[in-house]
Amino acid sequence: MKITDKPTLQEFHIPGVRHISPENAYAALQKGEAIILDVREDDEFKTENIPLDNVIHHPMSVILDRLAHIPRDKYIITACPGGVRSTKVANLLMEQGYPNVVNLDGGLTTWKSLGLPLKSNVLFSFNLGCGGGTKP
Numbered sequence: 002m003k004i005t006d007k008p009t010l011q012e013f014h015i016p017g018v019r020h021i022s023p024e025n026a027y028a029a030l031q032k033g034e035a036i037i038l039d040v041r042e043d044d045e046f047k048t049e050n051i052p053l054d055n056v057i058h059h060p061m062s063v064i065l066d067r068l069a070h071i072p073r074d075k076y077i078i079t080a081c082p083g084g085v086r087s088t089k090v091a092n093l094l095m096e097q098g099y100p101n102v103v104n105l106d107g108g109l110t111t112w113k114s115l116g117l118p119l120k121s122n123v124l125f126s127f128n129l130g131c132g133g134g135t136k137p
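Structural data, given as structure tokens:
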């Protein structure tokens, strides 16, 4: 896995937090070398998520309550839309003694823009205003 000490796809950074590009993260996931920890809130995760088996979801708002459910023996890639929350969670996990944590550089927005797997659960509804062509 190619990991950097500073992000290249996002501005937010906390010294000591390492970063991984979406392409390298996807390759690590495909090889079974890592898991994604999606730290978005429940409604965000339900709307859109990475459809892979090695993705776990624990919102940032309850992360301290869920530490027992986050494996310490795996390489963890934290993820959120733009990398801010996930960088903060990566920092927190490192402070809690997790040895192998990196942030998804650029977040899920960059992941999506690169065409990497992302499943949308949004149903679209359009009202085209077809009223028969008569004026009121």
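At position 94 of the sequence shown (counting the first as 1) the number is 95 in the numbering used here, and the numbers step up by one without a gap. C-beta: ideal position from N, C-alpha, C; glycine also.
Check	Outcome
Just tell me which of 102, 123, 32 and 88 has its CA closest to the CA of residue 10.	88
Beta strand (DSSP E) containing residue 19: first to last residue?	19-21
Would you mind listing the alpha helix (DSSP H) stretches within the stretch 51-104 that are 4+ residues and don't spill past its ends, in chain order?	85-96
Between residue 39 and chain D, is there a C-beta pair that is closer than 8 Å?	Absence of chain D from the displayed structure is noted, only one protein chain being present.
For residue 34, which residues from the same chain have a beta carbon less than 7 Å from its beta carbon, with the 5 sequence-adjacent residues on both sides left out?	2 and 76
Can you tell me whether DSSP reads residue 1 as helix, strand or coil?	No statement about residue 1 is possible, as the shown extent of the chain runs from 2 to 137 and does not include it.
What does a CB cutoff of less than 7 Å around residue 138 pick up in its chain, not counting 5 residues either side in sequence?	Nothing about residue 138 can be read from this structure; the chain reaches only from 2 to 137.
Considering just the uninterrupted stretch of the alpha helix (DSSP H) at residue 109, what are its terminal residues?	108-114
Is the Cβ-Cβ distance between residue 49 and residue 115 less than 8 Å?	no
Report the residue from 30, 121 and 83 whose alpha carbon sits nearest the alpha carbon of residue 13.	83
Which same chain residues, not among the five before or five after residue 61, have their C-beta less than 6 Å away from its C-beta?	40, 86 and 90
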